[in-house]
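Peer 1:
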Amino acid sequence: MERNIIRDLLILKQMNIKLNFSELARIYDMDNHTVVKYWLGGGIKKVERKPKKVFWINLAMKSLDCLKSLVSISVLHMSIF
1 MERNIIRDLL ILKQMNIKLN FSELARIYDM DNHTVVKYWL GGGIKKVERK PKKVFWINLA
61 MKSLDCLKSL VSISVLHMSI F
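Residue numbers (full-length UniProt numbering): 1 to 81.
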């Protein structure tokens, strides 16, 4: 449904017609603010998202390395006594 409204909006924009956004919103069963956003933005924009940080994975790997070194030291210390 959104593709139809975007196509129609682009056609109307090329014809330089003043729109009644409320009427278009009723026709396409949308909010009139959404219709205005499509009119001003030229259609649906895909939002690019940043990749998730791998902070917790790096922290877990560092902790695992630290624990391994502590265990190996304590085993050596216990074997001496």
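We put the CB at the ideal spot given by N, CA and C, even for glycine. Keep in mind the model is a prediction, meaning the values are calculated, not measured.
1) Looking only at its own chain, which residues have a Cβ that is under 6 Å from the Cβ of S22, when we skip the five neighbours before and after it?
2) Quick check: is the beta carbon of N4 nearer than 7 Å to any beta carbon in chain B?
3) Over the uninterrupted alpha helix (DSSP H) stretch that includes K37, give me the two end residues.
4) Would you mind stating whether Y38 and L9 have Cβ atoms separated by less than 7 Å?
5) Can you give the beta carbon distance from V36 to I5, rounded, assuming they're within the 8 Å contact cut?
6) Taking only three categories from DSSP, how would you classify R7?
Peer 2: The answer reads as follows:
1) N32
2) In the structure shown, chain B cannot be found, because there is only a single protein chain.
3) Note, K37: alpha helix (DSSP H), 32-41.
4) yes
5) Contact flag wrong, Cβ pair sits at about 12 Å.
6) When secondary structure is reduced to three states using DSSP, R7 falls in the helix class.
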